[in-house]
Amino acid sequence: MKQATVAVFAFAASLEAAALADPGGYATELASLVNRYRASVNAPALVLEAPLSELAREHSAAMMRAKRLGHDDFKDRFRRSGYSMCVENVGWNYLTPKDQFNAWRASPGHDRNLLDARVTHAGIGVTGDYVTLIACR
2 MKQATVAVFA FAASLEAAAL ADPGGYATEL ASLVNRYRAS VNAPALVLEA
52 PLSELAREHS AAMMRAKRLG HDDFKDRFRR SGYSMCVENV GWNYLTPKDQ
102 FNAWRASPGH DRNLLDARVT HAGIGVTGDY VTLIACR
């Protein structure tokens with residue numbers, strides 16, 4: 002059975018930077034799906050940033066070690082981001098970026114966050130089956 006938990010989020014793509022940070026391509030494709038969706042409603046594209054992606058990867062790794070989803074230490078990630086506002090989304094066990102994206106889109110609250118024009122920068126971190134998106138402004 003496929004399971005996932007999602008939380009408030011928004012996110013990113015600078016495909017060149019994403020390709021360097023994501024050799025497997027999951028985060029790159031997820032960011033691309035989000036930006037295409039945002040473009041369809043004239044929302045600005047989000048920019049993937051390496052420091053935010055590192056925060057996201059750290060959290061995905063922590064969830065994998067704990068074998069559970071959660072937002073433990075979110076306040077610390079937010080503080081370390083250097084931004085004035087951040088939101089976060091986590092997911093687990095979606096084999097393709099499209100499946101993960103569709104799960105977030107199917108949730109009204111998360112769909113609103115995908116399209117939130119206030120969020121301008123993000124990071125996506127994938128470790129094992131765990132995905133974290135942190136987006137900030």
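In our numbering, the protein residues as written are 2 to 138.
Every residue gets a Cβ at the ideal spot worked out from N, C-alpha and C, and that includes glycine.
Backbone secondary structure at HIS122 - three-state DSSP: strand
Could you say which of ALA62, GLY124, SER82 lies nearest to GLU30 if we only look at CA atoms?
GLY124
| task | Determine, using beta-carbon pairs with one atom in the stretch 57–65 and one in the stretch 128–135, whether at least three such pairs fall under 8 angstroms. | result | yes
Review point. Out of curiosity, what's the CA-to-CA distance linking ASN142 and LEU96?
Key: This structure does not reach residue 142, given that the chain is present from 2 up to 138, and the question cannot be answered.
*In whole angstroms, what separates the C-alpha of PHE10 from that of ALA107?*
The predicted model places PHE10 with a pLDDT of 34, which falls under 50 and marks its position as unreliable, so this point remains unresolved.
Notebook entry, point to check: Once you ignore the five residues that flank PHE75 on each side, which residues in its own chain have a CB closer than 7 angstroms to its CB?
Noted result: GLU89
Residues that VAL132 bridges to, as DSSP identifies them = GLY92, VAL127
Three-state secondary structure assigned by DSSP to LEU70
coil
Query raised in the report: Just checking my contact of ARG37 with LEU116 at CB under 8 angstroms: how many whole Å lie between their CB atoms?
Result: At roughly 12 angstroms, the Cβ-Cβ gap does not stay under 8 angstroms, so ARG37 and LEU116 are not in contact.
Inset, instruction - Taking LEU34 as part of the alpha helix (DSSP H), name the residues at either end of that continuous run. - result: 27–40
- prompt: For LEU49, which residues does DSSP report across the bridge?
  reply: ALA123
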